[in-house]
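Asks: Once you've had a glance at the structure underneath, I'll fire off some questions.
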Amino acid sequence: MINYKYICRFTAFLSATLFVTLLFFSSSIFSLFQLQENESAIFVLRRTALLFLGLSIISWGGQDAPPSDLRQSFCLGMSVAMFGLAITGILAYWRGFVGVGVMLSVFVELAVSFSYFYIWWRSRLVEVGR
Numbered sequence: 001m002i003n004y005k006y007i008c009r010f011t012a013f014l015s016a017t018l019f020v021t022l023l024f025f026s027s028s029i030f031s032l033f034q035l036q037e038n039e040s041a042i043f044v045l046r047r048t049a050l051l052f053l054g055l056s057i058i059s060w061g062g063q064d065a066p067p068s069d070l071r072q073s074f075c076l077g078m079s080v081a082m083f084g085l086a087i088t089g090i091l092a093y094w095r096g097f098v099g100v101g102v103m104l105s106v107f108v109e110l111a112v113s114f115s116y117f118y119i120w121w122r123s124r125l126v127e128v129g130r
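The letter at position 16 of the sequence shown is residue 16 when you use our numbering, and the numbering goes up by one with no holes.
Take a look at the structure:
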């Protein structure tokens, strides 16, 4: 069974790792995705790094949140965001813009997306059953 606290911790760790990687080791992302490295792309990666830092803090800080409308919104938002990232990665791969390394990200994003969706759906069903 998927546990809200553990998926939040995983998301916090993953997001913190992405923050550090995107900010300080952006070359590894270009290599993994088989992309051309340039100043514009590095600029975008560094800005994106700060978004992942924010997600890390929100995920860690919210891990003990009791079931509520706010927690439901967080779960649904994370599910949609991660699913969107996965779809974007798949489409970029199919169009030949990125290499097969993007599939690592896609699999993780889908797993996180479905985990948050499952928690959102399960909590929704509990509320309906009251």
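Just so it is clear, CB atoms sit at the ideal spot from N, CA and C, and this is done for glycine as well. If you're wondering where the values come from, they're calculated on a predicted model, not measured in any experiment.
1) Residues in the same chain with beta-carbon distance under 7 Å from residue 34, minus the five sequence neighbours each way, listed in chain order, please.
2) Compute the beta-carbon to beta-carbon distance between residue 106 and residue 89, rounded to the nearest angstrom, for a pair I have assumed lies under 8 Å.
3) Would residue 27 pass as a contact of residue 37 if the rule is Cβ separation under 8 Å?
4) Over the uninterrupted alpha helix (DSSP H) stretch that includes residue 44, give me the two end residues.
5) Are there 16 or more other CB atoms within 10 angstroms of the CB of residue 78, so buried, or fewer, so exposed?
6) Residue 105 by DSSP, collapsed to three states: which one?
7) Using a threshold of 8 Å, state whether the C-beta atoms of residue 52 and residue 15 are closer than that.
8) So what does DSSP say about residue 83, is it helix, strand or coil?
9) Is it buried or exposed for residue 22, if we count other Cβ within 10 angstroms and need 16 for buried?
10) Quick check: what's the CA-CA separation for residue 7 versus residue 92?
11) Just confirm the distance between the C-beta atoms of residue 56 and residue 12, as a whole number of angstroms; I'd bet it's less than 8 Å.
12) Which residue comes first and which comes last in the alpha helix (DSSP H) that contains residue 2?
Replies: Reading from the atomic positions:
1) A distance below 7 Å between beta-carbons, with the five flanking residues on each side excluded, links residue 34 to the following residues of its chain, in chain order: 98, 99, 101.
2) With 8 Å as the limit, residue 106 and residue 89 qualify as a contact, their Cβ atoms being about 4 Å apart.
3) Contact flag set, yes.
4) For residue 44, the uninterrupted alpha helix (DSSP H) segment begins and ends at 39 to 61.
5) Counting Cβ neighbours within 10 Å, residue 78 comes out buried, since at least 16 surround it.
6) Assignment of residue 105 by DSSP, reduced to helix, strand and coil, places it in the helix class.
7) The Cβ atoms of residue 52 and residue 15 sit closer than 8 Å to each other.
8) Of the three classes helix, strand and coil, the one that applies to residue 83 here is helix, per DSSP.
9) With 16 or more other Cβ atoms from the protein chains shown falling within 10 Å of its own Cβ, residue 22 counts as buried.
10) When rounded, the distance between both Cα atoms is 27 Å.
11) Right, the Cβ-Cβ distance comes to about 5 Å (below 8 Å), so this counts as a contact.
12) Note, residue 2: premise wrong, no alpha helix (DSSP H); not H, not E.
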